[in-house]
Amino acid sequence: GQQLNQSPQSMFIQEGEDVSMNCTSSSIFNTWLWYKQDPGEGPVLLIALYKAGELTSNGRLTAQFGITRKDSFLNISASIPSDVGIYFCAGYYGGSQGNLIFGKGTKLSVKP
Amino acid sequence: DTGVSQNPRHKITKRGQNVTFRCDPISEHNRLYWYRQTLGQGPEFLTYFQNEAQLEKSRLLSDRFSAERPKGSFSTLEIQRTEQGDSAMYLCASSASGIGDTQYFGPGTRLTVL
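Taken in sequence, the protein lines are chains A and B. Under this note's numbering, the residues of the first sequence are numbered -15 to 96, in order. Under this note's numbering, the residues of the second sequence are numbered 11 to 124, in order.
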């Protein structure tokens, strides 16, 4: 089946640092969604992208829908401790009706 | 709270028992989805409904699993003869078709099969 390759798998952040993660696929995607999940909770929607080239911000978060429609990235500026969690990219590709494909997540932790 | 709700939040059962989970979507959303998530993985699609019609099922949805949405509002997911491999977080999401199908998730039901 379709897969989304999300990287990095994990990263450590220090308060105030900028963070960047991305998601790639071998297939064209119609929609890209970025979610954050805290332990024991469901994913919370951060940003939704619907058109190639679209750049959307939500506070300190910025995400872009790649021009090739095969990738997306999420940036977090000036990170704060509550940014810790697992970030997932997800998307619909051409063949799916309702099946949202998820990456494996990027785990953000605080630098010791 | 007008978000997606799921009950129960946690369920512990013995192998071989049947379990049923409930999902109440956001009220104006006509699409409802079920996912399963295991540790260290992203959610995996199980099935989805548009109103009361079940439109798509994943091959992950074995014949021990059945989902219903009888009146196009809440949905139930039943697992019969549970196995230890069924232990996972079961997530429900809903969306309004025609608005990019942006899915909003509930808090999930954590199933542990002993």
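Each residue gets a CB set at the ideal place from its N, CA and C atoms; glycine is no exception.
With fewer than 16 other beta carbons inside 10 angstroms of its own, A:F(-4) counts as exposed. With contacts defined as CB atoms closer than 8 Å, A:I12 and A:R53 qualify as a contacting pair. With a contact defined as Cβ atoms closer than 8 Å, A:L(-12) and A:S4 miss out at about 17 Å.
Linking B:E93 to A:G43 through their CA atoms gives a straight-line distance of about 43 Å. In the structure shown, the three-state DSSP call for B:G95 is helix.
For B:T48, there is no enclosing beta strand (DSSP E), as DSSP gives it neither H nor E. Chain B has a Cβ within less than 8 Å of the Cβ of A:E25. Check the Cα spacing between A:W18 and each of A:I60, A:D2, A:I51, A:G24: the tightest is with A:I60. Residues of the same chain with a CB within less than 6 Å of the CB of B:E88, apart from the 5 flanking positions on each side, are T30, S76 in chain order. Around the C-beta of A:D55, 16 or more other C-beta atoms lie within 10 Å, and the residue is accordingly described as buried. By the rule that beta-carbons nearer than 8 Å mark a contact, B:D34 does not touch chain A. Among the CB atoms of chain A, one or more fall inside 8 Å of the CB of B:G116.
Our two residues, B:A98 and A:A36, have alpha carbons roughly 34 Å apart in a direct line.
Taken atom to atom, the span from the alpha-carbon of A:Q21 to that of B:T119 is near 14 Å. Taking 8 Å as the cut-off, the Cβ atoms of B:C33 and B:G95 do not count as close.
A direct Cα-Cα distance of roughly 22 Å separates B:Q64 from A:A74.
Interface residue (Cβ-Cβ distance to chain B less than 8 Å): A:F72 is classified as such. Its chain contains Q90 as the residues whose beta carbon lies nearer than 6 Å to that of B:N28, once the 5 sequence neighbours on both sides are disregarded; these appear in chain order.
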